């Protein structure tokens, strides 16, 4: 049954490949950071070299102090002490050359010369002392620096790459092995063929190979970790640079919609909604932002309204390209002039442009700013009139007073102003004179010492009921030449916040500089970066930690959650640790095998079990790599056995508990061999036999006990695996390593002190116990330094990966925010097209044969704060209705002007190609549209205009707005408050036909539509009746073909068009369509 349900699996080696040195080197070259990595590696090597010199001086001082204070015949070791100090000073002088950056800049060969010189000096001094004491004092000593030199080469010398340190270390090892071989030959030429002496040579060879493998393993792991960290930091910097640009875009985009003083709450709200939607998919977006209203009172400002005279003629005679180009030139120059004169543009409504001075920053000269802006606007429109031979002019009204400014609604947010003074400014514009500034008496009173020619106001203003009721005296200011020079490039920059002004070359240079700065600041060691420890606090771009990032003693993260995630991370380098552990076990096994033991039957059974276990683990963790090597060039489906091995290997890599178990089992297996060796030696028997050998002068058998230096080397190898094994917490490795060191010191000084005391030493009359102890302690300190450096690199790498993930998440949120903001400015289908055109520095514009346009105006609203609160609730509910009109029933909100809601349907060029989305559209709307399409299909003699159903869709939307307003009014009536709250009444006008659309403006990009259909929809609203939907004759005919009754209203006067027939959409008392009987 199991085989019947099993399916072949595929090998996923993608994550393991990310930790392969060859791939990391390739990536460094691909992203062009190899040179920076070499510089960074040099800094790391210099840091390690510094600590080696400190360590070497400490070891030399301790060793020489012990020699001078513990040796029974100090005169024999004076030469040793002198040479040790001379060599220490010489090596310090030679290696210190590597710290001279200016000297080393173009002399890379000096690194190799100084390293080889230092290494060979130590080898030469070690062997010289060996020969000197042998011939001078007939004293056989063991080498002092052989293993120490290997540590120095792999861990501390500033040689880059892995090849050259390996060659140098192998050379030093070969020299020692050859010397040892020659020494055996010198003692007795017959003993060279002796099996025991041959085994001693092999044991030494294995020890040198093992210590070299330890060094290679450290170099390999260090190189992989550092390269990975370096690439992560490179990616982090690139993400940071991109994020800074994205945040700048986000900020400028938001400020193009909202002024900075109210933009931050909306920005935070957008980000919180994105975060909530990412964590909790089922939460409605509106739950995160329920009808937020951001409106502020500004008591002392000046409002400017400007209107293009003869604009209607432009929209009906010019091509869409010419119209958008002219409007863009106008509004871009107006935006630039507004910025120059410290005036905040609010928005433009087709041909109307209005702005406020003194809004964002209190400005006592706000009236003068608007006057200067008005003169600049008239000057520029006259330049365009002359250059393009157009019959256009500018009519401007300016009034000073107070306004309410802010944002209402929840979709297509736009900054706007309200208040009685806003209405007065608008009225001054409409009753003004082309080419003049029409100002109020209050504005004039604020222009002290002005140079302007003041003329009486217009007759229309004197007769206007609103101005009369408000007791507004008006005046005219003749236009003057403006001294504001506006460059064509500045006017042509439509959306400069998206397109950087820097060239690609400058951008690349900037990125290189930022990368270089970041790489220079990258920490290179445990005690290098003061901000990581003590009072310093590591600061990331995303957050400020309240505690040190990494602890001094145990290198633990200050954040426990970070530490927990670190120790539980997947270890993709485990296979290298297991391979090294397996080799060390084989080495120890051979050392055990060459000695003759009394407990062989116990040894064999344990050895077979331990060897089988370690080989099995080695096979499991390397099986994936072997399969990848074999089948990487072709597809292969693996067997059930292979899939099981893959799963087990992945689980071992992921599971910290399994890794610790394997680690501890390996350590226990090592010490089983050590304990068996110790058990095979009886210390009391050794004392007796050794005493008899001295009394009776006979050769004692070598099979009695272990060789002390062989055991010491074995312990050092085990300590190396203990400390270097990857994927194990540093604290655990330090505790185990300290226990091993303590255990062996007890063996040296207490359990087998006599055997150790009678072993060979490193200097004449120097206590062998001290020599063994010093060697083990120095080895432990070096291993500890090595592992702390690896742990530091790993934790820095892990922290950077965490920061990188946060940066990427932040970038995703920022990009989503930008997308939301872009979709708030532009219709959905326009965003991508517009950005593509923007890259080519082209304007966006489109022409549509059939678009339905709606204006819905709320009546009886006094623009005070309480009324605006009600208006915000109503507009937000309208926006909620809008969210139901998606995809093939898409309705776009264009803008809100005061209390007027403007929307359009049919602006998507792919309207007819939309696929239905039953989940996002209400079933009732779908049924009504389906019914309307059926009526259209039956009307074979009707019009052949495409997409006629958009008129019905927009009319359905308008009816939904009326229903929503009725519900709001019903709710307000039932609220027990002192002041009566009402949503007011609403008139709606709808028209359809050809429409032009485009994106214009500079500082604040604005999407707008123009054309006769827009003008007529506005007139249908302004001449309409509350509670009714008024449509043009063309739109009424379409609705009738859709099965909707339309009531003929009569001939209605329409400004700019004369008397036209208009219709009311048939709606019953339940706010449902009256359908034509079938």
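Residue numbers (my numbering): 1472 to 2549.
The beta carbon of each residue, even a glycine, is placed where N, CA and C say it ideally should be.
Everything numeric in this text was worked out from a predicted model, so none of it was measured.
Whole-Å CB distance - residue i paired with residue j, under 8 Å assumed
i	j	result
residue 2324	residue 2484	5 Å
residue 2250	residue 1612	That belief does not hold up - the Cβ atoms of residue 2250 and residue 1612 are roughly 19 Å apart, past 8 Å.
residue 1423	residue 1598	Nothing about residue 1423 can be read from this structure; the chain reaches only from 1472 to 2549.
residue 2216	residue 2242	At roughly 13 Å, the Cβ-Cβ gap does not stay under 8 Å, so residue 2216 and residue 2242 are not in contact.
residue 2367	residue 1880	6 Å
residue 2372	residue 2346	7 Å
residue 2461	residue 2425	6 Å
residue 1707	residue 1897	With 8 Å as the limit, residue 1707 and residue 1897 do not qualify as a contact, their Cβ atoms being about 52 Å apart.
residue 1933	residue 1871	Not quite, the Cβ-Cβ distance comes to about 20 Å (not below 8 Å), so this is no contact.
residue 2285	residue 2352	At roughly 30 Å, the Cβ-Cβ gap does not stay under 8 Å, so residue 2285 and residue 2352 are not in contact.
residue 1875	residue 1855	So it is not a contact: roughly 34 Å between Cβ atoms.
Those residues which DSSP pairs with residue i across a bridge
i	result
residue 2501	2460, 2535
residue 1907	1949
residue 2081	Residue 2081 pairs with nothing; no bridge assigned.
residue 2488	DSSP lists no partner for residue 2488.
residue 2550	Since the first residue of the chain shown is 1472 and the last is 2549, residue 2550 is not available in this structure.
residue 2362	2376
residue 2429	Bridge partners of residue 2429: none, in fact.
residue 1707	In the DSSP output, where bridge partners are listed per residue, residue 1707 has none listed.
residue 2523	2531
residue 2477	2471
residue 1765	1878
residue 1889	1875
residue 2328	2371, 2458
residue 2318	2467
residue 1866	1778
residue 2546	2515
Exposed unless 16 or more other CB atoms sit within 10 angstroms - verdict on residue i
i	result
residue 2515	buried
residue 1569	buried
residue 1984	exposed
residue 1595	exposed
residue 1457	As displayed, the chain neither begins before 1472 nor continues past 2549, which places residue 1457 out of reach and without an answer.
residue 2408	exposed
residue 1812	buried
residue 1580	exposed
residue 1698	buried
residue 2280	exposed
residue 2054	buried
residue 1935	buried
residue 1828	buried
residue 2184	buried
residue 2385	Here the model assigns residue 2385 a pLDDT of 38, short of 50, so the residue's position is not dependable and the matter cannot be decided.
residue 1549	exposed
residue 1862	exposed
CA nearest to the CA of residue i, picked from the options
i	options	result
residue 2363	1884, 2102, 1868	1884
residue 2523	1511, 2180, 2501, 2510	2501
residue 2200	1629, 2034, 1935	2034
residue 1674	1815, 2188, 1937, 2277	2188
residue 1687	1543, 2438, 1641, 2219	1641
residue 2050	2467, 2192, 1991, 2486	2192
residue 2592	1626, 1601, 1680, 2348	Since the displayed the chain opens at 1472 and closes at 2549, residue 2592 lies outside it and no answer follows.
residue 2343	2455, 1912, 2274	2455
residue 2273	1562, 2064, 2040	2040
At 4 residues or longer, and completely inside the stretch 1568 to 1603: list those alpha helix (DSSP H) runs for me, N to C.
If we require 4 residues or more, the alpha helix (DSSP H) runs fully inside the stretch 1568 to 1603 come out as 1572 to 1575.
Scan the stretch 1787 to 1850 and note each continuous alpha helix (DSSP H) run of 4 residues or more that stays entirely inside, going in chain order.
Fully enclosed alpha helix (DSSP H) runs of 4 or longer: 1791 to 1811.
4 or more residues per run - each alpha helix (DSSP H) lying fully within the stretch 2097 to 2142
Counting only runs of 4 or more, we get 2111 to 2125.
List, from N- to C-terminal side, the alpha helix (DSSP H) runs of 4 residues or more that fit wholly inside the stretch 1495 to 1572.
Secondary structure within the stretch 1495 to 1572: the alpha helix (DSSP H) runs of 4 or more consecutive residues, fully enclosed, are 1505 to 1541, 1549 to 1567 (chain order).
Contained alpha helix (DSSP H) runs [length at least 4] in the stretch 1915 to 1942, N- to C-terminal order
Within the stretch 1915 to 1942, the complete alpha helix (DSSP H) runs of at least 4 residues fall at 1930 to 1934, 1936 to 1940.
Alpha helix (DSSP H) runs wholly inside the stretch 2020 to 2076, at least 4 long, in chain order:
If we require 4 residues or more, the alpha helix (DSSP H) runs fully inside the stretch 2020 to 2076 come out as 2031 to 2038, 2045 to 2065.
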